Structure formats: structure tokens, C-alpha cells
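J.:
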Amino acid sequence: MKRLIFGSLFCAFALTACSSVTLLRTKEMQAVGDDVKKDVRQEVAASVEANNARMDSLQRIIDSLSLVQKRMKVELAMLSSKIADISDKNDSHHEELLYRLDMLLGKSDKILSKKVVVGGQTETVQADSAVISAEKMQALDSLFTTARADYHKGEIKLAYSGFKQIYEESKTGTIASEALYWMGVCLSDAGQTDKAKIVFAREIKQFPEASKSCAALIKLANIAGAEGDQKLQKQYLQKILGTKGCSDSNEFLQAAEMLETILNGDTVEEPHPVADSSAKAQTQILDTDSTGAVPAADTLPKVPVSDSFATDSTAS
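If you use mature numbering (1 follows the signal peptide of the UniProt record, and there is no 0), the sequence shown corresponds to residues -19 to -1, 1 to 297, in order.
1) Who are the Cβ neighbours of Ile221 in its own chain at under 7 Å, not counting the five residues just before and after it?
2) Should Ala202 be labelled buried (16 or more other beta-carbon atoms within 10 Å of its own) or exposed?
3) Flag this pair as yes or no: are the beta carbons of Gly165 and Phe181 separated by less than 8 Å?
4) From this set, Ala120, Thr242, Glu136 and Leu244, which residue's C-alpha is nearest Gln146's C-alpha?
5) Quick check: the Cα distance between Thr242 and Ser230, rounded to an integer number of angstroms?
6) Beta-carbon within less than 8 Å of Gly101's beta-carbon, same chain only, minus the 5 sequence neighbours each way: which residues are those?
7) What would DSSP say about Ser228, mapped onto helix, strand or coil?
8) With DSSP run on the structure shown, which of helix, strand or coil describes Gly143?
9) For the region 194 to 229, which segments carrying the alpha helix (DSSP H) assignment without a break, of at least 4 residues, lie completely within its bounds, in sequence order?
10) Please name the residue in Ala191, Asp37, Arg129 and Gly154 whose C-alpha comes closest to that of Ser142.
11) Quick one: Cα of Ser1 to Cα of Ala34, how far?
12) The alpha helix (DSSP H) that contains Glu116, what's its start and end?
13) Is the beta carbon of Lys186 less than 8 Å from the beta carbon of Ile204?
14) Would you tell me roughly how many angstroms separate the C-alpha atoms of Met118 and Tyr162, rounded to the nearest one?
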């Protein structure tokens, strides 16, 4: 009996001891788990903070790149504008050089064509009339360059006066054709469309084989389009396409594109340049009583010039 009681007490003590040990180990494991959780939370927080810092840094870099991109776009636009201006100036300069070269070649041909027979031999001499002609052409050439420079500087009134003087003193030849065409351009830029049409029509009639005849036709086509006269515009465009001398010109390509657009049913928007009221006042070239009729082929229409331009009128 004693043994049984002793055994029972021993078992109870053993169970109590095991339970205490198990409880102690459970508490220790919970403490370790809490420490692990705390460490994990700290590491996660540190990682999140580091990632946020990186994100902020990347955002600053992106903002900086966006600003640089905007600046580059602005600089690129400015650079494109400068390149376009330089290209226009170079084209104008190139055109003037070609024109002056044509003038020099023409003078050389005239001088070489003056021949006399001396002692049975043919010799080339410079007659007084040839010398005078060459000097006059040189003066007109210089005046043409000055007029072109005035035009590009916006001095339309001075440019028109120069071109008008060249035409009146030459009447025929390449320089007269060039001067007459640029007279029309000055009138067009000054908003005097009716007078410009007269001069462009005169260019076509008097110099049908000249290079500026094609340019005058495209100008008339643009004016007709701006005035809403599509039928007349098509006639001008078709005339360009049907003119052999225009086949290798830029005007031929422009006329083909414009005519194709019209035939496809689209509206061709070729606005005619019109200066503002102040510019018109400063560039009033012709009197307002001009009839605007197309001149006859053998006469230049009388287009009186206002007092601010000149006291004489264009000769017949």
C-alpha cells in the first residue's frame, strides 16, 4: 500500500515537473519569436525607408531630365528657326550670284561680238558703244543688288523704286524681266493685289520665255486662289504645266501639287500676303485710280507712283 502511494506521489511530482519545464520552454520560444518578429519588423522598416529614399532620388532625376528635355526642345526649335533663316539668306544670295553671273556672261558676249577688220585680219575691239553699254549694265546690276537688299530688309518702298528704275532704263533683257517681276512682288507684299496682277501679267506677256514668267504665273494662281476664283486659278496652274520652259522649275512642282489638290476636291489655302494698315501706309506704291486692266503685249500699263515714291510714272 505504501509503495502504491509512493508511486502515485512520484508520478504526480514527475508530471508537475514536466509541465513546469514545458511551460518554461514555451515562454522561452515565445520570447525568441517576439525577438525575431521585432528584428524582421526593423529590417522591413529599414528596407522600406531605403526604398523610399531611392524612389525620391529617382523622382528628382526624372524631374531633372524632364526639365533638360524641355530646354532641349526649346533650343532645338530656336536652332531650327536660325537654320531656316540662314537657308533663306543663302538661297537669296545664291540667286543673286547666279543672276550676276548671267549678267557678266551677257556682257562678255556683247563685248566679244564687237569685231572689226584691220589689215585683212579680224580683230576684237571694244567700241565706245560697247563700253558705255557695259558700264550701264554694271550700274543697273549694282542697283538691282541694292534693291534686293532693301526688299529683304523690309524696305518695300525703296525696293520698288529701285526695281522700277531698272526696268525703265533697260526695258528688255534678263535684268528687265527680273526687275518687272520684283515690282510685282513688292506690290503684292504691300497689299496692292490689283496692281500686282497687272505687273505679273505684263511679265508673262513681255517675257514669256524668261525664268520669272513661271514665278509670275504661280503668283497669279495664288492670288486667284486667295480671291476664291478657283476656275482662274486652275487656268494659271494648267498654263504652268503646259509651258515647256517651266518643266524644270520649282513652280512646275508646286502647280502640279496644287492642281492635284483642287481636282481631289480640297481647298487650296495659299493666303496672299497682306500687310497691316500701318505697313500699307508706308508702302503705298501706286495711286488708287488704276483700272487694273491687263496691259497689251507691246505696252506697259501706266501705273503712277505716289509722291512718296517718285514723281514720274511707268513709261509705256
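The beta carbon of each residue, even a glycine, is placed where N, CA and C say it ideally should be.
Owing to the predicted nature of the structure, the values given are computational and were not obtained by experimental measurement.
T.: According to the structure data:
1) Taking the first residue of the sequence shown as 1, we reach residue 221 at position 240. Counting only Cβ-Cβ distances below 7 Å, and skipping sequence neighbours, we find Cys195, Leu198, Ile199, Cys227, Glu232, Phe233 and Ala236.
2) The residue given as residue 202 occupies position 221 in the sequence shown. The residue in question, Ala202, is buried, as its Cβ has 16 or more Cβ neighbours within 10 Å.
3) Position 184 of the sequence shown, counting from 1, holds the residue named residue 165. Position 200 of the sequence shown, counting from 1, holds the residue named residue 181. Cβ distance < 8 Å, so Gly165 and Phe181 count as in contact.
4) Looking up residue 146 in the sequence shown gives position 165. The candidate whose alpha carbon is nearest that of Gln146 is Ala120.
5) Residue mapping note: residue 242 aligns to position 261 of the sequence shown, counting from 1. Residue mapping note: residue 230 aligns to position 249 of the sequence shown, counting from 1. Taking the straight line from one Cα to the other gives about 19 Å.
6) Position 120 of the sequence shown, counted from the first residue, corresponds to residue 101. In this predicted model, Gly101 has a pLDDT of only 44, less than 50, meaning its place in the structure is not dependable enough to derive any value.
7) Walking along the sequence shown from the start, residue 228 turns up at place 247. Three-state result, Ser228: coil.
8) For the purposes of this step, residue 143 is taken as the residue at position 162 of the sequence shown. Helix.
9) 211 to 223
10) Numbered from 1 along the sequence shown, position 161 holds the residue referred to as residue 142. Taking only the C-alpha atoms, the option nearest Ser142 is Arg129.
11) Your numbering for residue 1 matches position 20 in the sequence shown. Your numbering for residue 34 matches position 53 in the sequence shown. In a straight line, the C-alpha of Ser1 is about 49 Å away from that of Ala34.
12) Taking the sequence shown and counting its residues from 1, the one referred to as residue 116 is at position 135. Asp109 to His133 is the extent of the alpha helix (DSSP H) around Glu116.
13) The residue given as residue 186 occupies position 205 in the sequence shown. The residue given as residue 204 occupies position 223 in the sequence shown. Not closer than 8 Å, so no.
14) Here the question's residue 118 lines up with position 137 in the sequence shown. Here the question's residue 162 lines up with position 181 in the sequence shown. Using only the alpha carbons, I get a separation of about 18 Å.
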